[in-house]
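This report concerns only the one structure given below.
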Amino acid sequence: MKYFINFFSIMFFTIIFCSSCGIFTKGYNEYKTAKTFHNNDDFYQAALYSSKSLKLNAKNKKALKLFKKSFKLASNKHKTNIINFEKINDNSKWPKLYYVYDELKNLNNELISIRKLISSNELNINSKDYSEELNRVSPLAAEYAYNEGLFYRSQKDKKNQKMAAKAFKSAQNFVPNYKNSTELYNEARKAALITLMVIPFNGDNDLVNYIRNRLMMIQSTESKEFLQIISRDHVSSILDEQKFQLSGMVDSDQVVEIGELSAANQILSASLVVTNRPPETIVMENIKQEKNIVVREETYFDDEGVKQTKKIKETVYATVSNFKKSAESTLILTYQISDLKSGLLVYTDKIRANSKFYHSWATYQGDKRALSSTYKRLVNTKEKFAPSSSELSMQASEKITKKLIKKISDYYSN
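For the sequence shown, the tail end lands on 422 under my numbering, and the numbers increase by one without skipping.
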């Protein structure tokens, strides 16, 4: 019963403490993010996030103060950039000016939206409409991007076609349906599209099959614009028909041969190395504990006949054995991307991930009252069975898969 009373008392005071810190306050996370951006001199994002905080909690005076400060600093910084960009003598200035004016428009939209929540006395900032400036620079920015696209489009390699597609897409962002940019974007994107074959990886079958299958199934939206991954079944049929026994890294001759048999442009191969540290338990014995505690109280009468209470103390002792059990699995995946036409290596990288298990508990002999708070907690902790090496390896493989998917996505999105 005493345990439950103490537990709920701790929970109560924890909630009170967290509430006083603002952890459970609406808009707290947004305000915290805004502060981080402000400290990093990103005043634009600081203003946006402090505005988000105010929309969730209009009474947050700190968020309001941060918004006003960030809004002013961001506006001044953008206006300085406008002066500098206007001095540029070529047409490359138009996209730069567009982005600055667009962010100024966003800042003022946030100002207008939170004005409905904050009194005018607390938010005495004048808003400005940047529609005229945006209408002036947007067609000029679109024309610049369109011409950039035409230039890259004249180069027939996939890299330039990708840059052309991005330029035509930018033109559409500046002015929707600008000229025939939509049609040219689709043509350039199709020409830039890379078809990737992911061949079986070398390593522990269960792990490499899991990693490879997840990579082929989960593809980010960003990378899909310029990347098509050949399905697992199609890869298997190509390799089976030609009696290929491939896994892990492949040499240039094999790459060219596969390229002649498939519609792929590039091939991804990989090898996985697994290092397991099996469970081990370290014991620290004979840890001495002692504490001077009150064992009882005695009453007595002082010289003036007043009843007093005296605490009787005694030193108690205990000996602790502290057990620490740990295990770890480390995975290192080395992968490479090769061009199927030339057989040349175009990219290689290495990814590491691990999964750890750690558990500590204790036993004691003697008087429990002598134990420190740490050992009091540990003696109430039971021993746990460590997960097997295969379980830890599978946990690590989930981490390494996410890293690989992001790496591939970033590589083909840039």
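Heads up, the beta-carbon is just placed ideally off N, CA and C, and yes, glycines get one too.
**Study point:** Distance between Ser231 and Asn48 (C-alpha atoms, nearest Å)
**Key:** 29 Å
Review point. Is Tyr39 near Ser61, with beta carbons less than 7 Å apart?
Key: yes
Check your understanding: Among Tyr106, Asn92, Asn132, which one has its Cα closest to the Cα of Lys77?
Key -> Asn132
Practice item. Write down every uninterrupted run of the alpha helix (DSSP H) in the segment 174-252 whose length is 4 residues or greater and which is fully enclosed by it, in chain order. Key: 189-200, 213-225, 229-232, 240-249
**Study point:** Proximity to Asn168 [Cα-Cα], best of Ala199, Val183, Lys124, Ser128
**Key:** Ala199
Review point. Counting only runs that start and end within the segment 373-398, where is the alpha helix (DSSP H) found for 4 or more residues in a row?
Key: 381-387
Check your understanding: So what does DSSP say about Leu280, is it helix, strand or coil?
Key -> strand
**Study point:** Candidates Asn221, Thr44, Val324, Pro287, of which the one nearest Lys299 by Cα
**Key:** Val324
Practice item. Compute the beta-carbon to beta-carbon distance between Thr389 and Lys332, rounded to the nearest angstrom, for a pair I have assumed lies under 8 Å. Key: Between Lys332 and Thr389 the Cβ distance is about 12 Å, and since that is not below 8 Å, they are no contact.
Check your understanding: Count the other CB atoms within 10 Å of the CB of Asn68; is the residue buried (16 or more) or exposed (fewer)?
Key -> buried
Practice item. State the beta-bridge partners of Leu339 as determined by DSSP. Key: Val282, Ala361
Practice item. Give the single residue among Leu215, Ile416, Lys43, Gln163 whose Cα lies nearest to the Cα of Glu7. Key: Coverage of the chain is limited to positions 9 through 422, which leaves residue 7 absent and any answer about it impossible.
Review point. Does the distance from the C-beta atom of Glu293 to that of Ser329 stay below 7 Å?
Key: yes
Check your understanding: From Glu195 to Tyr419, what does the alpha carbon distance come to, in whole angstroms?
Key -> 22 Å
Exercise for review: Could you check the C-alpha separation between Leu81 and Ile126 for me, to the nearest Å?
Suggested key: 20 Å
Check your understanding: So what's Asn129 in DSSP terms, helix, strand or just coil?
Key -> coil
Review point. DSSP three-state call for Lys95: helix, strand or coil?
Key: coil
Check your understanding: Which one of Trp102, Gln227, Ser239 has the shortest CA to CA distance from Val145?
Key -> Trp102
Check your understanding: Between the C-alpha atoms of Arg161 and Leu204, what's the straight-line distance to the nearest angstrom?
Key -> 23 Å
Review point. So what's Asp347 in DSSP terms, helix, strand or just coil?
Key: strand
Point to revise | Residues sharing a beta bridge with Trp369, DSSP | key: Phe331
Review point. Quick one: what's Ala153 bridged to in DSSP?
Key: None, per the DSSP bridge assignment.
Exercise for review: Please go through the same chain and pick out, in chain order, the residues whose beta-carbon is closer than 7 Å to the beta-carbon of Arg377, but skip the five residues on each side of it.
Suggested key: Lys299, Ile301, Val324
Check your understanding: Is Lys34 near Leu74, with beta carbons less than 7 Å apart?
Key -> no
Review point. Are the beta-carbon atoms belonging to Leu115 and Ala55 less than 7 Å from one another?
Key: yes
Point to revise | Beta-carbon spacing of Ala150, Val108 below 7 Å | key: no
Exercise for review: Please state whether DSSP places Gln435 in a helix, a strand or coil.
Suggested key: Within the shown structure, residues of the chain are numbered from 9 to 422, placing residue 435 beyond reach of any answer.
Review point. Taking just the CA atoms, how far does Gly374 sit from Glu312?
Key: 42 Å
Exercise for review: Whole angstroms is fine: what's the gap from Lys241's alpha carbon to Leu72's?
Suggested key: Note on residue identity: the sequence assigns Asp, not Lys, to residue 241. When rounded, the distance between both Cα atoms is 57 Å.
Check your understanding: For Leu280 versus Leu341, is the C-beta spacing smaller than 7 Å?
Key -> yes
Review point. Would the segment 165-179 and the segment 208-219 be scored as touching if the rule is three or more Cβ pairs under 8 Å?
Key: no
Check your understanding: Can you name the start and end residues of the alpha helix (DSSP H) that Lys43 belongs to?
Key -> 36-47
Check your understanding: Are the Cβ atoms of Ser139 and Leu119 separated by less than 7 Å?
Key -> no
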